[in-house]
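Listed in order, the protein sequences are those of chains E and C.
Okay, so the first sequence: first residue is 1 according to our numbering, each after it adds one.
Okay, so the second sequence: first residue is 219 according to our numbering, each after it adds one.
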Amino acid sequence: MSDVPFKNLGWAGNTGEFDLSEDEVRGDDFVGDRPAHGGHASGSATMPYMLAEKNPEATLFEGEYQERFEKILTRYPDKQAALLPTLSLAQELRGYVSPESMDRVAELLELSPAYVRGVTTFYTMYNKRPVGRHLVQVCTNISCNLCGADEVLDAFLKYTDTELGETSEDGGFTIIEAECLAGCGFPTCVQINSRYFENVTPTEVPKIIEHLKSEGDS
Amino acid sequence: MAYPYVSDKEVRILSTYFGDPKQRHLDTYVERGGYKALEKALGMGADDVVNIVKDSGLRGRGGAGFPTGLKWSFMPKDSSRPHYLLCNADESEPGTFKDRELIRWDPHQLIEGCLIGAHAIRAQHVYIYCRGEFFETTQVLARALEDAYAKGYAGENILGTGHTIDVTVHAGAGAYICGEETGLMNSLEGKRGEPRVKPPFPAAVGAFGMPSTINNVETLCAIPHIVTNGGEWYKQYGTEKSPGTKLFCVSGHVNKPGNYELPLGFPLQELIDDVCGGVRDGNALKAVIPGGSSVPIINAEEVSRCTLDYEGCVEVGTMLGCASVIVMDETADIVKQVRRMVDFYAHESCGQCTPCREGSAWTAKIMRRIENGEGTEEDLDMLMEVTQKMVGTTICVLSDSVAAPVQSSIEKFRDEYLALIRRGERVGAA
């Protein structure tokens, strides 16, 4: 990565005494690339992402996604255990898990629709309604809070002109509070779609937002 | 390598290669001696591996500190039914950020630990339950695992020894309670992550109804080193009852926050003043939570007496937990921070048990009332009464975790609560 527009580009690597490039830390040869092949059990092909381009009308499942779904099934002794990964896959594709998606997943896994709804609503990462292209989750739990997370959250709301939990008018951003993201040593920790942004300060927020807008498809 | 911050007080065993991206590559890992321990362990009987770990005195790093070797020895000796090893990588205790670092810097270390652990408990399948938010971490781990499969370190007939162990990376979907061992099992099975009533214990009836053992990431990462060097070697570090090294996650108001690997029994004061460069801006220390948000908060005087091992923390009325040291200086608003933690527990309560579901929500409401200057002194008594009824009355200890910060902060920082209450009374009277 060159020409970094702001101090933190989403990895604990380049502030203060850090001297690693993003490539070195995130290891581009390790992330972002999801081949559909792969060994029996390991599963990188089936790890979900949060994509910026969401397709709420997509079929569950076909093509590459069907292959990934079938691969998920091979990794557990029964079909029910595939429920969480399958819901994640549906969300990766459609951007959220609608009641209709839940019903379809229930059908695929031979579970009752009510059961699938009960499980889906238990977990916070399943979006029950559509979210913006960038889902911004600001940790405001204790460690980040002690270091000014509330100001970071306010800055995100201000510069995207949104209310907490709402989606901006252009559909670009949804800002929510997150519980501890396990980046406590690098406060404030912000997760934007699949990426972590660490050591975020309020003054950097406008730059991060501009960067995301320019990236388009992150 | 300048991984965020390092200290010469550290004994880096698990974190040797933090900050070195080359370590993620299988070739580098093997060059540096990786997978030798696996080879050694597979050449030994399962019980011999368990005995080495027993000798080392290694205690579970997930928070409870239960001896790992003993836990493994609870598994049935026959393998007529499938056994499972579960690795708990659902790191979500506020203040804890070690497992994510262990996985993303050194994924093969964990994979090797999992494979050895599986051999020791006669399991043929390992599930690594990663927190759902860890997209990149999970990707790093899964890719490393693919490499391990390709080179014959995992899967069928490992290294030609005839042993078959599969490893699956499983991503969660955002629920703190899935870090509780039986909650994790339910979640893995595609259910709501609600903890189960024990007994039966996981070693008898665990994941998918089969004998299972669950270990934390850090515990399993220590295994290859122990198998290579032996139990006596491991015991040279730490204290008699808490041997070995531990990753301390220091966050909050210190100059150099980060992960530091230190021998257990290290003095807390020295960790803050020396290793972490002191409290930020030269401020005075007010309070520390030494083990993640679920343990009692301690004040500056207790900090000066506290050593960081399982027993030392108990002596000053708190717990080591997962060694997540949250430091607060004189500017910290204790009431606000405790309220934030209670909000967290109210949000994460799975809702099965009434004391926890209702207690956490009401505690949060009362805390917020006090924070807003609308509380009364009776509210403090009510908080104590409510939280006392939340201890030991539920299936899991999430409920107890609400009580710890609330009770300890009222006991030790009552003045701060009273100041908010008095200020509110003055405003009300005016």
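The beta-carbon is built from N, C-alpha and C at its ideal position, and this holds for glycine as well.
Only a predicted model underlies this, so the values are computations on that prediction, with no experimental measurement involved.
| Item | Value |
| --- | --- |
| With a Cβ-Cβ cutoff of 8 Å, do G449(C) and D273(C) count as a contact? | yes |
| From the DSSP output, which residues share a beta bridge with K464(C)? | L480(C) |
| Identify whether Y123(E) lies in helix, strand or coil by the three-state DSSP scheme. | coil |
| Using the three-state DSSP reduction, which class does A36(E) fall into: helix, strand or coil? | Per-residue confidence for A36(E) stands at a pLDDT of 38, beneath the threshold of 50, marking its modelled position as unreliable; the derived number appears in the next sentence. In the structure shown, A36(E) sits in coil (DSSP, three-state: anything other than H, G, I, E or B). |
| Return the residues of the region 82–101 of chain E that lie within a Cβ-Cβ distance of less than 8 Å from chain C, sorted by chain order. | A82, L83, L84, P85, L87, S88 |
| What is the DSSP secondary structure of D265(C), reduced to helix, strand or coil? | helix |
| Considering only the beta carbon of each residue, do G183(E) and H134(E) sit closer than 8 Å? | no |
| Can you tell me whether D317(C) is helix, strand or coil according to DSSP? | helix |
| Could you check whether A622(C) and M608(C) sit closer than 8 Å to each other, using their CB atoms as the reference points? | no |
| Report the option in I490(C), D245(C), F352(C), I334(C) whose CA atom is closest to the CA atom of F197(E). | F352(C) |
| Give the C-beta separation of I142(E) and I376(C) to the nearest angstrom, bearing in mind that I take them to be a contact with Cβ-Cβ under 8 Å. | Contact flag wrong, Cβ pair sits at about 42 Å. |
| Where P442(C) and K630(C) are concerned, what is the direct C-alpha to C-alpha distance, given to the nearest angstrom? | 42 Å |
| Look at the Cβ atom of I552(C), then the Cβ atom of A505(C), and state whether they are nearer than 8 Å. | yes |
| What span of residues does the alpha helix (DSSP H) with N433(C) cover, start to end? | Premise fails: N433(C) lies in the beta strand (DSSP E), 430–434, not in any alpha helix (DSSP H). |
| Using a 10 Å radius around the Cβ and a threshold of 16 neighbouring Cβ atoms, would you call G370(C) buried or exposed? | exposed |
| Within its chain, find whatever has a CB closer than 6 Å to the CB of A637(C); leave out the 5 residues flanking it on each side and keep chain order. | none |
| Go ahead and label P418(C) buried or exposed: buried means 16 or more other beta carbons lie within 10 angstroms of its beta carbon, across all protein chains shown. | exposed |
| Three-state secondary structure (DSSP) at H388(C)? | strand |
| Quick check on A90(E): does DSSP put it in helix, strand or coil? | helix |
| Determine the chain E residues that contact C467(C) at a beta-carbon separation under 8 Å, and present them in chain order. | C184, G185 |
| Looking only at its own chain, which residues have a Cβ that is under 6 Å from the Cβ of C396(C), when we skip the five neighbours before and after it? | D308, G390, L402, S405, G411 |
| Under the rule that 16 or more other beta-carbon atoms within 10 Å means buried, what is E110(E), buried or exposed? | exposed |
| Would you say S143(E) faces chain C, with C-beta separation under 8 Å as the test? | yes |
| Kindly identify the DSSP beta-bridge partner or partners of S542(C). | C467(C) |
| Along chain E, which residues have their Cβ under 7 Å away from the Cβ of E407(C)? | Q80, A81 |
| Helix, strand or coil, according to DSSP, for K504(C) in the structure here? | strand |
| Cutting at 6 Å between CB atoms, please list the residues of its own chain near S578(C), excluding the five before and the five after it. | Y563, A564, S567, V620 |
| Which residues of the region 328–356 of chain C have a Cβ closer than 8 Å to any Cβ of chain E? Give them in chain order. | H343, R349, G350, E351, F352, F353, E354, T356 |
| Are the beta-carbon atoms of L538(C) and G509(C) separated by less than 8 Å? | yes |
| If we call anything under 8 Å between Cβ atoms a contact, is L320(C) one with V435(C)? | yes |
| Exposed or buried, F361(C), counting other C-beta atoms within 10 Å across all chains shown (16 or more means buried)? | A small fix is needed here, since residue 361(C) is Arg in this sequence, not Phe. Result: buried. |
| The beta strand (DSSP E) spanning F173(E) covers which residue range? | 173–178 |
| For a quick check, are the C-beta atoms of N447(C) and G335(C) less than 8 Å apart? | no |
| Between G252(C), R414(C), T612(C), G275(C), which lies nearest to Q454(C) when the distance is taken from Cα to Cα? | G275(C) |
| Does any residue of chain E have a CB that is nearer than 8 Å to the CB of A564(C)? | no |
| Cα separation between L480(C) and F466(C)? | 7 Å |
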